[in-house]
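> Okay, here's the structure, questions in a sec.
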Amino acid sequence: MTIHFRKRCILLCLTVVAAVASRTFAADETFTRSEDVVYGRKFGTALTLDVFTPKENANGAAIVSVVSGGWVSDHGFVNGANYSEFLRRGYTVFAVVHGSQPKYSIPEVLEDMHRSVRFIRSRAAQYKIDPDRIGITGGSAGGHLSLMQGTAGTNGQPDAPDQVDRVSSRVQAVACFFPPTDFLNYGRPGEIALGNGVLVNFRAPFDFKEPDAKDKPFDEKRRALVMITDENKRLEIGKAISPVYHVSSDDPPSLIIHGDADTLVPIQQAEIIIARFKAVNVPCELVVKPGAGHGWAGMEKDVLTIADWFDKHLAKK
216 MTIHFRKRCI LLCLTVVAAV ASRTFAADET FTRSEDVVYG RKFGTALTLD VFTPKENANG
276 AAIVSVVSGG WVSDHGFVNG ANYSEFLRRG YTVFAVVHGS QPKYSIPEVL EDMHRSVRFI
336 RSRAAQYKID PDRIGITGGS AGGHLSLMQG TAGTNGQPDA PDQVDRVSSR VQAVACFFPP
396 TDFLNYGRPG EIALGNGVLV NFRAPFDFKE PDAKDKPFDE KRRALVMITD ENKRLEIGKA
456 ISPVYHVSSD DPPSLIIHGD ADTLVPIQQA EIIIARFKAV NVPCELVVKP GAGHGWAGME
516 KDVLTIADWF DKHLAKK
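First residue of the sequence shown: 216, per my numbering; consecutive thereafter.
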């Protein structure tokens, strides 16, 4: 097995919010599932999410599960058993599938995540959730996207033609596993990982593109896309997609669980953003797993910690 394939497998195995529950249960006894709900469209392709609704004791809060590993997203990764603890506690879970690499780069994926949260908030009455009690979670790339939503969520555009775009994409709590947070200082100061270095086997998500200035079609929106090779532009985008540079005092409470022996996403990535959160008084916590790498046996127990975090910070006011 090549290093590339092995790392990809590790990430894909950790795309869900939680490790598979230690006990099995009959799905039809605990929740209802709405599959392939279209939350947006891009270039003629539908973007979908699955909605898991507890049949009893719904608490009115929502959890967005970022279905992503190595910025690969696939509906086949979604399994209701992974959300059993959240559903048991009354949360409605939205499993979001974003545009996947290698077709789409991280900046394009971030647009999908904004869209998904706006869609969920705009349908709050339909799904019987409080639009001001939305949490988000994921692992690895899913953790990165969770923190980006927490630190860089935006208000809606009041005059947008699409009503979904008029509402906020901000979330009220974040809890995630081993997230990349700074691609310009990856593992140590000055170490750049934009599809190179430690992340050399994940080049496609960092293949940033822009409209070709030389292309003059009859419709400006149809200009050909070309790869951005200018290093200064790439560094600028790398900074823009790194959560650590978006931290501000109004960010939501954020929890990170990270192994101190992780070689793919060094624990330094968690430490530097936690330090930023503390500097601006954002409630935060780093749970260190001694000797653990990029994933570990018994992760289902850590899901309880994540659920407790949501219980604390998404409690009804």
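Positions of the beta carbon are idealized from the N, C-alpha and C atoms, including for glycine.
With C-beta atoms as the reference, is Gly353 less than 8 Å away from Ala276?
Not closer than 8 Å, so no.
> Counting only the same chain and skipping the five closest in sequence on each side, list residues whose C-beta sits under 6 Å from that of Ala530.
Once the five neighbours on either side are set aside, Ala530 has no close Cβ partner at all.
> Can you check DSSP and say which residues form a bridge with Thr478?
Looking at the DSSP assignment, Thr478 forms no beta bridge with any residue, so it has no partner.
> From Asn370, Thr366, Val386, pick the residue whose C-alpha is nearest to that of Ile488; which is it?
Ranking the options by Cα distance to Ile488, first place goes to Thr366.
> When burial is assigned at 16 or more other CB atoms within 10 Å of the CB, is Leu264 buried or exposed?
Burial call: buried.
> Of all the options Lys431, Glu425, Asp477, which has the alpha carbon lying nearest to the alpha carbon of Glu323?
When each option's Cα is compared against that of Glu323, the closest is Glu425.
> Report all residues from its chain with a CB closer than 6 Å to the CB of Ala485; omit the five preceding and five following residues, and keep chain order.
Once the five neighbours on either side are set aside, the close Cβ partners of Ala485 are Ile471, His473, Leu501.
> Would you call the CB atoms of Ile456 and Leu325 closer than 8 Å?
In contact: Ile456 and Leu325 (Cβ atoms closer than 8 Å).
> Please report the residue range of the alpha helix (DSSP H) in which Ser331 lies.
Start and end: 321 to 337.
> Classify Tyr401 as helix, strand or coil using the three-state DSSP reduction.
Correct three-state label for Tyr401: coil.
> Can you tell me which residues form a DSSP beta bridge with Pro269?
According to DSSP, which records beta bridges pairwise, Pro269 is partnered with Phe246.
> Within this structure, are the beta carbons of Asp380 and Gln372 separated by less than 8 Å?
Yes, the Cβ-Cβ distance between Asp380 and Gln372 is below 8 Å.
> Can the beta-carbon of Val281 be found less than 8 Å from the beta-carbon of Tyr342?
Against a cut-off of 8 Å, the Cβ pair of Tyr342 and Val281 comes out as no contact.
> For the pair the region 357 to 364 and the region 453 to 467, tell me if three or more CB-CB distances fall below 8 Å.
Touching, yes, given that three or more Cβ pairs across the two stretches are closer than 8 Å.
> On the CB-based measure, 16 or more other CB atoms within 10 Å of its CB, does Phe258 come out buried or exposed?
Phe258 should be labelled exposed.
> Mapping DSSP to helix, strand and coil, what is Ala512?
It is coil, neither helix nor strand.
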